[in-house]
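All remarks here apply to the structure that follows.
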Amino acid sequence: MSRARSRLATAIGFALLEHARNRFALVLVVFYIPLWLTLEHWFVTSDPATFLLRATGARLTVDGGHLTMVSGAVNTVTLIVGFMMFMTTFKSLAFDTRLVLAGYPRLHLLIAKVVAMTLAAALIAGYATAVVCYYWDPVRPALLAAGLFTAAVAYGGIGILLGAFLRSELAGMFVIIMVSLLDTMLQNPISNPAASKDGVNLLPEYGPTQVSVAAGFTHSVPWEQLPLGPLWFAGSWLLGTAAFHLRTRDHRLTGGAIRGRGPSVRA
């Protein structure tokens with residue numbers, strides 16, 4: 277194995293270990309997802325809900341409880357994966373800085389976070405889909421899992437960005453929770469009858485929600501909406517990469533360079 281591959285494999289191992297050590301996130305995955313979806317199944321009305329699905333242009337009338345369950349599944353995976361990626365990025369930043377100063381490539385560390393996030397997002401999306409399928413039969417379960425996966429990676433990228441940018445653990449958790457809740461509320465036609473209006477398509481959950489709803493109630497595949505979640509991830513990851521670079525740079529070299537130029541200026 278080449279040195280570069282060995283470094284990348286080591287970085288991926290550390291990233292996965294960080295997730296495995298995040299016991300609170302594991303508890304959320306195992307218990308929060310089925311608890312939230314079960315409560316929605318019990319208490320949300322099953323009255324018919326009529327809305328315009330922008331992905332297909334069709335006006336649908338569906339079970340309101342099932343529609344809320346799809347929205348709840350999107351919300352749970354975004355909250356959990358966003359929280360996981362924020363915490364692992366935020367808490368490992370000091371260690372990552374030491375690695376970079378010791379010569380470890382930043383790119384390997386960032387790629388490792390993406391690999392770990394992708395595995396976690398796939399497992400969590402599959403688990404949430406299985407819970408949904410326990411209560412009712414979506415038309416296309418595999419597409420539903422894909423929609424939840426794109427929602428998870430979108431907020432995973434946002435978590436990486438916040439973890440590299442913010443300096444407060446509380447601030448990051450607050451931003452993820454509030455953004456995810458507001459995003460979900462605006463995308464759900466039951467809580468927001470104007471969910472089909474222009475503007476909501478600019479939010480992170482728009483594409484994943486459209487895909488997930490289409491998977492639950494139609495035979496259509498909204499190809500145009502499928503990449504929107506990953507595009508949100510790509511944009512967040514690029515900004516997070518810039519913030520990560522700034523947070524892990526060697527400030528001693530910068531100060532040394534300035535001090536080194538001092539005598540030459542006086543001369």
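Sequential numbering of the sequence shown, starting at 277, is according to our numbering.
Yeah, the Cβ is synthetic: ideal placement off N, Cα and C, and Gly gets one too.
Source: prediction; values computed, not measured.
Buried/exposed call for residue i, threshold 16 Cβ in 10 Å
i    : result
A296 : exposed
L458 : exposed
H521 : exposed
D474 : exposed
L450 : Before going further, note that residue 450 is Phe rather than Leu in the sequence given. Burial call: exposed.
I453 : exposed
H495 : exposed
G379 : exposed
P503 : exposed
E500 : exposed
L313 : buried
F359 : buried
F509 : buried
Under the three-state DSSP convention, the category residue i falls into
i    : result
P324 : strand
R416 : coil
R283 : helix
V451 : helix
A334 : strand
L292 : helix
D459 : helix
L311 : helix
D474 : coil
L479 : coil
L329 : strand
Spatial neighbours of residue i in its chain, beta-carbon cut-off 7 Å, leaving aside the 5 residues before and after
i    : result
G492 : H342, V346, P414, V415, L420
I436 : M361, T365, K389, S512, W513, G516
L304 : I356
P381 : R283
N468 : M461, L462
M368 : For clarity, residue 368 is Ser in the given sequence; the question names Met instead. Closer than 7 Å at the Cβ level, and outside the excluded window around S368, lie E294.
A549 : Because the chain is modelled from 277 through 543, residue 549 falls outside the range shown and cannot be assessed.
V476 : L462, Q463, Y482
Close-in-space but distant-in-sequence residues of the same chain around residue i (CB under 6 Å, 5 per side omitted)
i    : result
A291 : A388, K389, A392
Y411 : H317
T354 : A427, Y431, S456
P324 : T337
F441 : A519
V320 : G341, T344
Cβ separation of residue i and residue j, assumed to be a contact under 8 Å, to the nearest whole Å
i    : j    : result
A430 : G505 : 4 Å
L446 : L462 : 24 Å between Cβ atoms; not a contact.
T485 : V376 : Not a contact, Cβ separation roughly 37 Å.
A287 : L385 : 5 Å
T332 : P498 : 7 Å
I466 : Y403 : Not really, about 24 Å apart at Cβ, beyond 8 Å.
G433 : G439 : So it is not a contact: roughly 11 Å between Cβ atoms.
Contacting residues, own chain, Cβ-Cβ under 8 Å from residue i (five flanking each side not counted)
i    : result
R335 : T326, F327, L328, L329
V350 : G423, L424, A427, T460, Q463, E481, P484, T485, S488
S278 : none
Distance cut-off 6 Å: residue i Cβ against heavy atoms of the ligand ATP
i    : result
V415 : Ligands are entirely absent from the displayed structure, and the ligand ATP is therefore not among its contents.
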